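Okay, so here's the structure we're looking at.
2 protein chains.
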Amino acid sequence: MNIYDIAELAGVSIATVSRVVNDSPLVSDKTKARVRKVMEENNYVPNVFARGLGLGTMKTIGIVCPDVSDAYMAKAVAYLEKNFREYGYDSILQCSGREYEDMRAAVANILNKKIDALFLIGSCYCVDGGDTAAADYVREAAKQVPVFVINGSISGDNIYCALCDDRETTAQAVRELIREGRRNILFLHHSDTFSARQKRSGYLSALAEAGIPENDNLLFHAREDIESVKQDLLAQCPPEVDGIFATNDRLAVGALKFARETGIRVPEELSIIGYDDSELAICCQPELTSIDSMGETLCRTSIDSMLRLLRGRKASPITYTKGTLRRRGTTRF
Amino acid sequence: MNIYDIAELAGVSIATVSRVVNDSPLVSDKTKARVRKVMEENNYVPNVFARGLGLGTMKTIGIVCPDVSDAYMAKAVAYLEKNFREYGYDSILQCSGREYEDMRAAVANILNKKIDALFLIGSCYCVDGGDTAAADYVREAAKQVPVFVINGSISGDNIYCALCDDRETTAQAVRELIREGRRNILFLHHSDTFSARQKRSGYLSALAEAGIPENDNLLFHAREDIESVKQDLLAQCPPEVDGIFATNDRLAVGALKFARETGIRVPEELSIIGYDDSELAICCQPELTSIDSMGETLCRTSIDSMLRLLRGRKASPITYTKGTLRRRGTTRF
DNA sequence: AAACTCTGTGTAAGTGCTTACATTTCACAA
DNA sequence: TTGTGAAATGTAAGCACTTACACAGAGTTT
Numbered sequence: 004m005n006i007y008d009i010a011e012l013a014g015v016s017i018a019t020v021s022r023v024v025n026d027s028p029l030v031s032d033k034t035k036a037r038v039r040k041v042m043e044e045n046n047y048v049p050n051v052f053a054r055g056l057g058l059g060t061m062k063t064i065g066i067v068c069p070d071v072s073d074a075y076m077a078k079a080v081a082y083l084e085k086n087f088r089e090y091g092y093d094s095i096l097q098c099s100g101r102e103y104e105d106m107r108a109a110v111a112n113i114l115n116k117k118i119d120a121l122f123l124i125g126s127c128y129c130v131d132g133g134d135t136a137a138a139d140y141v142r143e144a145a146k147q148v149p150v151f152v153i154n155g156s157i158s159g160d161n162i163y164c165a166l167c168d169d170r171e172t173t174a175q176a177v178r179e180l181i182r183e184g185r186r187n188i189l190f191l192h193h194s195d196t197f198s199a200r201q202k203r204s205g206y207l208s209a210l211a212e213a214g215i216p217e218n219d220n221l222l223f224h225a226r227e228d229i230e231s232v233k234q235d236l237l238a239q240c241p242p243e244v245d246g247i248f249a250t251n252d253r254l255a256v257g258a259l260k261f262a263r264e265t266g267i268r269v270p271e272e273l274s275i276i277g278y279d280d281s282e283l284a285i286c287c288q289p290e291l292t293s294i295d296s297m298g299e300t301l302c303r304t305s306i307d308s309m310l311r312l313l314r315g316r317k318a319s320p321i322t323y324t325k326g327t328l329r330r331r332g333t334t335r336f
Numbered sequence: 004m005n006i007y008d009i010a011e012l013a014g015v016s017i018a019t020v021s022r023v024v025n026d027s028p029l030v031s032d033k034t035k036a037r038v039r040k041v042m043e044e045n046n047y048v049p050n051v052f053a054r055g056l057g058l059g060t061m062k063t064i065g066i067v068c069p070d071v072s073d074a075y076m077a078k079a080v081a082y083l084e085k086n087f088r089e090y091g092y093d094s095i096l097q098c099s100g101r102e103y104e105d106m107r108a109a110v111a112n113i114l115n116k117k118i119d120a121l122f123l124i125g126s127c128y129c130v131d132g133g134d135t136a137a138a139d140y141v142r143e144a145a146k147q148v149p150v151f152v153i154n155g156s157i158s159g160d161n162i163y164c165a166l167c168d169d170r171e172t173t174a175q176a177v178r179e180l181i182r183e184g185r186r187n188i189l190f191l192h193h194s195d196t197f198s199a200r201q202k203r204s205g206y207l208s209a210l211a212e213a214g215i216p217e218n219d220n221l222l223f224h225a226r227e228d229i230e231s232v233k234q235d236l237l238a239q240c241p242p243e244v245d246g247i248f249a250t251n252d253r254l255a256v257g258a259l260k261f262a263r264e265t266g267i268r269v270p271e272e273l274s275i276i277g278y279d280d281s282e283l284a285i286c287c288q289p290e291l292t293s294i295d296s297m298g299e300t301l302c303r304t305s306i307d308s309m310l311r312l313l314r315g316r317k318a319s320p321i322t323y324t325k326g327t328l329r330r331r332g333t334t335r336f
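Chains as they are written, first to last, in this note's numbering: chain A, 4 to 336; chain B, 4 to 336.
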């Protein structure tokens, strides 16, 4: 069942059918109704490929993230997919991992799909604050389609970033720990992404403000999964630590387990703050104080930017959102 | 830069270029090398639409699940996406929610994308054990492309299901609770999907085996999120309960929080078992005993079935996998 | 009544690829 | 030298749509 069949059944030319499909104002309402009826009766659906060939687009967005099985990204993907569907866009998903070559290949591949926009989730795509050659493949992509980076920042034409002001948000959280009387605050991180560096910078500046000297022993790198984090801390956590700022909730949970194992009381002797405010946070006992990095807000911002672009208007190349501290049981404030 | 340009630059016809792209044996190695060089020099990429038009396929699979932000589905999606990518397939994702009309629309929409196979994740697509009209839209879809149901069962031509034997797996877990001496075991569930019913059936049969009379008060329906589950239990949990079997980890965590709030000791006075063995399980204190429903194994099975079909071989219409109990701190065995 | 709009519809030329079929080329046997 | 068949390449007809341009017919204007 193709456009010719419909044209014949409706007694019009294929051009008219095409116009009806595209709801062109050039067709009279009477004809439109007739053609629509025939289309429905035969449940005709235009061939996407032919349509794509003619139009050069298929109303599809590409989403690339390092790993959808991560709760933060899964949420973002779900949000993007759901919202774009409402505007009639389909979503192609690609998980890229975090290796440079893989990310590059993922972006290159998804571009071939003639997507209308590319969404990158995560700060791993902007290896160095967005200004070294490392992110060049993203800038290259932006020559073809608008690129929206969620939770990362890359400078460049046709690139629109929405991110949580991790630096300031972290600084605020660390300031609260200091106000609690904590002096030996561990910065617990895993990867060395742009956002991790922003957080570290916020952490350091909060310490500096308070006149607390920097201490390299308090910049702690741990492995990724909860159990390993606990082990790493058991093996090497400096004894004087009385506060832990973790760059994600998983790390924070590992820290909590470490505390339990060593008998350190939380939050009496040790405060812990996580990041992302995932479901993990409320599973813990005590429940984890965590920073909501506003994933949905960032997605919403990106979507709005894209819609604005679609209407031929300008969008702001970078939008910062402040995170919000969700105070729970692992801190005293 | 299209096939004509390449043909001209390489001094061959477009047919030859096309053959080179498709690595046809009809082209001499010499010509192949020459054409390939030109393609690379101009980084030519065939147009997917034109290719799709000619071939009728674009090497794409469709994935439909109720909600990717659910950890279980996110994992499955990630696994499918990653593995199919290795075979050169792209993935289109669509979250359908759990409303009949939405699921139906989601499947219909994704079919228009000329996918090569459809993957449905979750038992919500098989409303009644797979044999009522409710799943007819899936059977309709199966007329167009092979359908693979992960963690659900639908009978029908060209439909291939991989699922955890929830009934027996649940029965085993409940038997262990009984062996622990529990007699008043709550069956804590949220939705009424096929898999939830299977679990209930396993629960009931384990009770029956042990000669424990059925008690409707012990079939407990709770809302979805952790906090609500706790509230629901606080409001209405029968006091005699000494064991809880929850149909997912989120419910189990809610149960654990309920126990803590009421001062019931776990596992001394109350045992709790969750389902899915998600990351939530190890965040808890005590850590949650949970059933690993083998999501990756199911995905692997589906992928293998699809590859077998691709090679023109037969695949088994239904594959059962037994879940595994991960014993942790919320039970005594 | 002729000239002129305007609206609605049709014609036909793309869009970039695949592939059945036709044709050329070439090695080798007769 | 010619003939033969296989291997390599080209030609052209799809594939299902969009859209610039052409044109017909109904009103309007003069």
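From the three backbone atoms N, C-alpha and C, an ideal C-beta is built for every residue, glycine too.
As the structure is a computational prediction, the values presented were derived from the model and not from experiment.
Requested in this report: Determine which residues share a DSSP beta bridge with Arg-329/B and list them.
Outcome: On the second sequence, residue 329/B is found 326 positions in, with the first residue counted as 1. As computed with DSSP, Arg-329/B is found in a beta bridge with Ser-293/B.
Requested in this report: Can you check the segment 123–195 of chain A for any beta strand (DSSP E) of at least 3 residues that lies completely inside it and give the ranges in chain order?
Outcome: As far as the segment 123–195 of chain A is concerned, its whole beta strand (DSSP E) runs of at least 3 residues are 150–153, 162–167, 188–192.
Query raised in the report: Are the C-beta of Asp-105/B and some C-beta of chain A separated by less than 8 Å?
Result: On the second sequence, position 102 is the one that residue 105/B refers to. Not one chain A Cβ lies under 8 Å of Asp-105/B.
Requested in this report: Closer than 7 Å by beta-carbon distance: list the chain A residues that pair up with Arg-222/B, in chain order.
Outcome: Walking along the second sequence from the start, residue 222/B turns up at place 219. For the sequence presented, residue 222/B should be read as Leu rather than Arg. Neighbours of Leu-222/B on chain A: none; closest Cβ ~25 Å, over 7 Å.
Query raised in the report: Are the CB atoms of Tyr-92/B and Asp-119/B nearer to each other than 8 Å?
Result: Counting from one through the second sequence, the residue named residue 92/B turns up at place 89. Counting from one through the second sequence, the residue named residue 119/B turns up at place 116. Yes, the pair counts as a contact, with Cβ atoms nearer than the cut-off.
Query raised in the report: Should Lys-62/A be flagged as near chain B, meaning a C-beta pair shorter than 8 Å?
Result: As a working mapping, residue 62/A is identified with position 59 in the first sequence. So no, Lys-62/A is outside the interface.
**Report entry** Residue of Val-256/B, Thr-265/B, Pro-289/B minimising C-alpha distance to Glu-282/A
**Finding:** Position 279 of the first sequence, counted from the start, is the residue given in the question as residue 282/A. The candidate whose alpha carbon is nearest that of Glu-282/A is Val-256/B.
**Report entry** Contacting residues, own chain, Cβ-Cβ under 8 Å from Ile-95/A (five flanking each side not counted)
**Finding:** Sequence index remark: in the first sequence, residue 95/A carries index 92 (1-based). Within the same chain, Ile-95/A has close Cβ partners Thr-63, Ile-64, Gly-65, Ile-66, Ile-113, Lys-116, Ile-118.
Query raised in the report: Taking a cut of 9 Å between CB atoms, which residues from the segment 240–268 of chain B lie near chain A?
Result: Asp-252, Arg-253, Val-256, Leu-259, Lys-260, Arg-263
**Report entry** Assigned secondary structure, Val-67/B (DSSP; H/G/I helix, E/B strand, else coil)
**Finding:** Walking along the second sequence from the start, residue 67/B turns up at place 64. If DSSP states are grouped into helix, strand and coil, Val-67/B belongs with the strands.
Query raised in the report: Beta-carbon of Cys-287/B versus every beta-carbon of chain A: anything under 8 Å?
Result: To locate residue 287/B, count along the second sequence from 1; it is residue 284. Under the Cβ criterion of 8 Å, Cys-287/B is counted among the residues facing chain A.
Report task. Using a Cβ-Cβ cut-off of less than 9 Å, give me the residues of the segment 141–162 of chain A that come near chain B, in sequence order. Result -> Taking 9 Å as the Cβ-Cβ cut-off, the segment 141–162 of chain A has no residue approaching chain B.
**Report entry** Identity of the residues DSSP links to Ile-321/A by a beta bridge
**Finding:** Stepping through the first sequence from its first residue, residue 321/A is reached at position 318. In DSSP, Ile-321/A forms a bridge with Cys-164/A.
Requested in this report: Report buried or exposed for Gly-133/A, applying the criterion of at least 16 other Cβ atoms within 10 angstroms of its Cβ.
Outcome: Along the first sequence, read from residue 1 onward, the residue named residue 133/A stands at position 130. Confidence at Gly-133/A is low in this model, with a pLDDT of 45, below 50, so its placement is unreliable and no value can be given for it.
Report task. Alpha carbon to alpha carbon, how far is Glu-290/B from Ser-231/A? Give it in angstroms, no decimals. Result -> Taking the first residue of the first sequence as 1, we reach residue 231/A at position 228. Taking the first residue of the second sequence as 1, we reach residue 290/B at position 287. Ser-231/A and Glu-290/B: Cα-Cα distance of roughly 16 Å.
Requested in this report: Identify every run of the beta strand (DSSP E) within the segment 219–264 of chain A, keeping only runs that are complete inside it and at least 3 residues long; order them along the chain.
Outcome: 222–224, 246–249
Query raised in the report: Residues bridged to Ile-215/B by DSSP?
Result: Position 212 of the second sequence, counting from 1, holds the residue named residue 215/B. Answer by DSSP bridge pairing: none, since Ile-215/B is not bridged.
Requested in this report: Could you have a look at Ile-275/B and say whether DSSP puts it in helix, strand or coil?
Outcome: Stepping through the second sequence from its first residue, residue 275/B is reached at position 272. Correct three-state label for Ile-275/B: strand.
Query raised in the report: Taking Cβ to Cβ, would you say Arg-329/B is nearer than 8 Å to Phe-336/B?
Result: By one-based count along the second sequence, residue 329/B stands at place 326. By one-based count along the second sequence, residue 336/B stands at place 333. Contact check for Arg-329/B against Phe-336/B fails: the beta carbons are separated by 8 Å or more.
Requested in this report: Count the C-beta pairs between the segment 73–91 of chain A and the segment 30–48 of chain A that are closer than 8 Å, then say yes if the count reaches three, no if not.
Outcome: Flag = no, the segment 73–91 of chain A and the segment 30–48 of chain A do not touch.
Requested in this report: Check Ile-118/A in the structure and name its three-state DSSP category.
Outcome: One-based indexing of the first sequence puts residue 118/A at position 115. Ile-118/A falls in the coil class under three-state DSSP.
Query raised in the report: What does Ser-94/A reach in chain B if we use C-beta pairs closer than 8 Å?
Result: Within the first sequence, numbered from 1, the residue matching residue 94/A stands at position 91. In chain order: Ile-95, Leu-96, Gln-97.
Query raised in the report: In angstroms, rounded to a whole number, what distance separates the CA positions of Ile-306/A and Pro-49/A?
Result: Position 303 of the first sequence holds residue 306/A. Position 46 of the first sequence holds residue 49/A. So the alpha carbons of these two residues sit roughly 27 Å apart.
Report task. Look at Ala-79/A and Val-41/A and say whether their C-beta atoms are less than 8 Å apart. Result -> The sequence position of residue 79/A within the first sequence is 76, counting from 1. The sequence position of residue 41/A within the first sequence is 38, counting from 1. No; because the gap between Cβ atoms is not below 8 Å, this pair is not in contact.
Query raised in the report: What separation, rounded to the nearest whole angstrom, lies between the Cα atoms of Thr-300/A and Gly-326/A?
Result: Numbered from 1 along the first sequence, position 297 holds the residue referred to as residue 300/A. Numbered from 1 along the first sequence, position 323 holds the residue referred to as residue 326/A. Taking the straight line joining both Cα atoms gives about 10 Å.
Query - the segment 246–261 of chain A contacting the segment 211–231 of chain B, beta-carbon criterion three pairs below 8 Å - result: Segments in contact, no.
Query raised in the report: Using the rule of at least 16 other Cβ atoms within 10 Å of the residue's Cβ for burial, across every protein chain shown, is Thr-60/B buried or exposed?
Result: For the purposes of this step, residue 60/B is taken as the residue at position 57 of the second sequence. Its Cβ having fewer than 16 others within 10 Å, Thr-60/B is exposed.
Requested in this report: Give a yes or no on whether the minimum CB-CB distance between Phe-122/B and chain A is below 8 Å.
Outcome: For the purposes of this step, residue 122/B is taken as the residue at position 119 of the second sequence. Among the residues facing chain A, Phe-122/B is not included, as its CB has no counterpart in that chain under 8 Å away.
**Report entry** Contacts that Ala-53/A makes with chain B (C-beta to C-beta distance below 8 Å)
**Finding:** On the first sequence, position 50 is the one that residue 53/A refers to. Per Cβ cutoff of 8 Å: Phe-52, Leu-56.
Report task. Look up Gln-201/B in the DSSP assignment and say whether it is helix, strand or coil. Result -> For this step, residue 201/B is matched to residue 198 along the second sequence. Note: Gln-201/B maps to helix in three-state DSSP.
Query - Own chain, CB closer than 6 Å to Cys-393/A, minus 5 neighbours either side, in chain order - result: This structure cannot settle anything about residue 393/A, because the visible part of chain A is limited to 4 through 336.
Query raised in the report: Candidates Gly-159/B, Ala-199/B, Arg-170/B: which alpha carbon is nearest Ser-126/B's?
Result: Along the second sequence, read from residue 1 onward, the residue named residue 126/B stands at position 123. Nearest C-alpha to Ser-126/B: Ala-199/B.
Requested in this report: Alpha carbon to alpha carbon, how far is Asp-70/B from Thr-196/B? Give it in angstroms, no decimals.
Outcome: By one-based count along the second sequence, residue 196/B stands at place 193. By one-based count along the second sequence, residue 70/B stands at place 67. Distance between the alpha carbons of Thr-196/B and Asp-70/B: 15 Å.
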